[in-house]
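The structure appears right after this line, and notes come after that.
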Amino acid sequence: MLTKRIIACLDVDEGRVVKGVRFLDLRDAGDPADCASAHARDGADEIVLLDITATSDKRHTMLDVVSRTARELFIPFTVGGGIRELSDAAAVFEAGADKIAINSAAVRDSTLIGKIAARFGSQAVVVAIDTRRVNGGFEVFIAGGRISTGRDAVLWAREAADRGAGEILLTSMDRDGTQSGFDCELVQTVAAAVSIPVIASGGAGSTRDFVDVFRDGRADAALAASIFHFGIENIGQLKRELYVANVPVRWPC
Amino acid sequence: MIAIVDYGAGNLNSVKKAFDHLGAATVVTRQPAAVAAADRIVLPGVGHFSALSILDNGGLRDALLQDASAGKPFLGICLGMQWLFEGSEEAPECAGAGILAGRCHRFPSSVKSPHVGWNSLTVRGGSRLLRNVAPDSFVYYTHSYQAPVVAATTAQTEYGARFSAAVEQGNVFGVQFHPEKSSKVGLQILKNFCDADL
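Those protein sequences? They're chains Z and A, same order as listed.
Residue 253, in the working numbering, is where the first sequence stops; the numbers in between run on with no holes.
Residue 1198, in the working numbering, is where the second sequence stops; the numbers in between run on with no holes.
Given below as structure tokens:
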């Protein structure tokens, strides 16, 4: 049976893993390569590394950090942040990423999704969507949540899928870093609108939150950062509890 | 020396990195002569079936078929495994190797496609490639087309329906999943391929 994936996310700033609350107030959580290996050992199904200030600083992804993190990692590895064109994506794949995540650049030029998918395959293209509830809808934000776009997250997810995205990484900015639970309504709405896997992100705090987002939210995968980095929840322990709760997970692993 | 065939597939580096980790010597090449000189061949792959048409140029296809029929250990990964079959619905104009009978098809519309994530194997006993792999191990998949279950199938996975997860016919092996991304289970499978004494 296809299992629900638990993804550990490394938000990286200046070569260090950091984590904030609602995209602000960053705290240091260690070296990316060390964190990635530790999470993989604990049972993480995938690692996502986001260079969170690459876009706002207008620079390219830190390729040395990517290649150092990829070296001893034998589970899927996604890298995002600062990928603006096909050549940026090619460099990130060359450095050892299996998938790239694009966010701001895809909103600015949606043909980028198809260009990368045509060269590297849809399975390698994750479109990341940062969204916040605005006037009863879900609005898309870019540049690490700094710029509002006026676009609807559900429509954008559908367009991204049509243009060749292989997965949607859906982050609720309202829940990010709050540990108050995933926005199941958001996830469920997007999951029902697209035929590609949806990764839920933002708000993970407890095992219950994961059970809810897999059952009610119909997420294919769930991503978390703070609770894993700061030892609030060990991935192995979490998967054991999900297994007991009859959520299909890769366990033991 | 293991030749990893370079036809522009996305997962070349990951496959090489996994063999490096196992201490196996590899060469990434698209030269038929280098493929012929190697004692094992890996055809990696991820992406569109039509990408395999590159093999038809420059004699690479013939070199691979010749080596495979001469008994050299050959491992096709993902698209590389699908190439072992006659062809795929994904690119009907592009011929597979035809070493195994049957064609690759899309997943039924009852399930999301691509099939992405960790799914479990049902391993048939006696496989050399899957030696020391627990019969219900989890492996990582990412693909939109599936190969049929045939006589050479040594492991199956269920997604919408059952498909070939691993095949084995003499010296020719194939896996639909990504061993280079399947943690300890995947590394064990690659090690078995390095050790396969044929």
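Glycine included, each C-beta is placed from N, C-alpha and C at the ideal position.
Note that the structure is predicted; figures quoted are calculated from it, not measured.
Proximity of residue i and residue j at Cβ, strictly below 9 Å
| i | j | result |
| --- | --- | --- |
| residue 1148 of chain A | residue 1085 of chain A | yes |
| residue 1143 of chain A | residue 76 of chain Z | no |
| residue 201 of chain Z | residue 166 of chain Z | no |
| residue 62 of chain Z | residue 1119 of chain A | no |
| residue 18 of chain Z | residue 49 of chain Z | no |
| residue 1171 of chain A | residue 1076 of chain A | no |
| residue 1038 of chain A | residue 1068 of chain A | no |
| residue 116 of chain Z | residue 157 of chain Z | no |
| residue 1064 of chain A | residue 1041 of chain A | yes |
| residue 1049 of chain A | residue 1129 of chain A | no |
| residue 193 of chain Z | residue 226 of chain Z | no |
| residue 164 of chain Z | residue 129 of chain Z | no |
| residue 139 of chain Z | residue 146 of chain Z | no |
| residue 1104 of chain A | residue 1117 of chain A | no |
| residue 1058 of chain A | residue 1032 of chain A | yes |
| residue 93 of chain Z | residue 1186 of chain A | no |
CA-to-CA distance, residue j to residue i, given in whole angstroms
| i | j | result |
| --- | --- | --- |
| residue 1181 of chain A | residue 1140 of chain A | 6 Å |
| residue 1014 of chain A | residue 1062 of chain A | 26 Å |
| residue 990 of chain A | residue 137 of chain Z | This structure cannot settle anything about residue 990 of chain A, because the visible part of chain A is limited to 1001 through 1198. |
| residue 69 of chain Z | residue 36 of chain Z | 7 Å |
| residue 101 of chain Z | residue 1175 of chain A | 26 Å |
| residue 223 of chain Z | residue 176 of chain Z | 11 Å |
| residue 26 of chain Z | residue 1094 of chain A | 51 Å |
| residue 1035 of chain A | residue 1029 of chain A | 7 Å |
| residue 246 of chain Z | residue 1025 of chain A | 43 Å |
| residue 134 of chain Z | residue 1131 of chain A | 55 Å |
| residue 299 of chain Z | residue 1108 of chain A | Any property of residue 299 of chain Z remains undetermined from this structure, which presents chain Z solely from 1 to 253. |
| residue 1146 of chain A | residue 191 of chain Z | 23 Å |
| residue 1167 of chain A | residue 1100 of chain A | 9 Å |
| residue 42 of chain Z | residue 1066 of chain A | 44 Å |
| residue 229 of chain Z | residue 180 of chain Z | 17 Å |
| residue 1196 of chain A | residue 1159 of chain A | 30 Å |
| residue 198 of chain Z | residue 1046 of chain A | 20 Å |
| residue 1054 of chain A | residue 16 of chain Z | 41 Å |
| residue 1133 of chain A | residue 252 of chain Z | 14 Å |
| residue 143 of chain Z | residue 60 of chain Z | 13 Å |
| residue 6 of chain Z | residue 1113 of chain A | 19 Å |
| residue 120 of chain Z | residue 161 of chain Z | 15 Å |
| residue 1073 of chain A | residue 31 of chain Z | 40 Å |
Proximity test, residue i beta-carbon vs the ligand COA heavy atom, cut-off 8 Å
| i | result |
| --- | --- |
| residue 1105 of chain A | Although the ligand COA was asked about, the structure shown includes no ligands whatsoever. |
Query raised in the report: Can you list, in chain order, the residues of the region 1019-1053 of chain A whose Cβ is nearer than 8 Å to any Cβ on chain Z?
Result: 1021, 1046, 1047, 1048
Query raised in the report: How do the region 212-228 of chain Z and the region 177-193 of chain Z stand: do at least 3 beta-carbon pairs fall below 8 Å, yes or no?
Result: yes
Report task. For the region 191-206 of chain Z, enumerate the residues whose C-beta is nearer than 8 Å to any C-beta of chain A, in chain order. Result -> 195, 196, 197
Query raised in the report: Can we say the region 1087-1099 of chain A touches the region 1153-1163 of chain A, given the rule of at least three CB pairs closer than 8 Å?
Result: no
Query raised in the report: Can you give, in chain order, each stretch of the beta strand (DSSP E) that sits fully within the region 64-108 of chain Z and has at least 3 residues?
Result: 77-80, 99-102
Query raised in the report: Between the region 82-112 of chain Z and chain A, which residues of the former have a C-beta closer than 8 Å to a C-beta of the latter?
Result: 93, 94, 96, 98
Requested in this report: Return the residues of the region 220-233 of chain Z that lie within a Cβ-Cβ distance of less than 8 Å from chain A, sorted by chain order.
Outcome: 220, 221
Report task. Taking only beta carbons into account, state which residues of the region 1182-1196 of chain A come closer than 9 Å to chain Z, listed in chain order. Result -> 1182, 1183, 1184, 1185, 1186, 1187
Requested in this report: Determine, using beta-carbon pairs with one atom in the region 1155-1172 of chain A and one in the region 1116-1131 of chain A, whether at least three such pairs fall under 8 Å.
Outcome: yes
Query - At least three beta-carbon pairs within less than 8 Å, the region 90-100 of chain Z to the region 124-133 of chain Z - result: yes
Query raised in the report: Which of the residues in the region 1162-1182 of chain A, read from start to end, lie with their CB under 7 Å from any CB of chain Z?
Result: 1180, 1181
**Report entry** chain A contacts made by the region 37-59 of chain Z, where a contact means CB separation under 8 Å
**Finding:** 40, 45
**Report entry** Interface positions of the region 2-19 of chain Z facing chain A (Cβ-Cβ less than 9 Å), listed along the chain
**Finding:** 2, 3, 4, 5
Query raised in the report: Listed in chain order, which residues of the region 115-128 of chain Z have Cβ atoms closer than 7 Å to some Cβ of chain A?
Result: 120, 121, 122, 123, 124
Query raised in the report: Residue ranges of each beta strand (DSSP E) run of no fewer than 3 residues wholly in the region 181-217 of chain Z, ordered along the chain?
Result: 198-201
Query raised in the report: Any residues in the region 1129-1140 of chain A with a beta carbon nearer than 7 Å to a beta carbon of chain Z? Which ones, in chain order?
Result: 1138, 1140
Report task. Name, going along the chain, the residues of the region 1070-1083 of chain A whose beta-carbon falls closer than 7 Å to a beta-carbon of chain Z. Result -> none
Requested in this report: Compile a chain-ordered list of the residues in the region 1081-1111 of chain A whose CB is closer than 7 Å to at least one CB of chain Z.
Outcome: none
Requested in this report: Pull out every residue of the region 152-171 of chain Z whose Cβ sits closer than 8 Å to any Cβ of chain A, in chain order.
Outcome: 166, 167
Requested in this report: Return the chain-ordered ranges of every beta strand (DSSP E) run that is complete within the region 9-53 of chain Z and spans a minimum of 3 residues.
Outcome: 16-21, 24-30, 46-51
Query - chain A contacts from the region 65-77 of chain Z (Cβ-Cβ distance under 9 Å) - result: 70, 71, 72, 73, 74, 75, 76, 77
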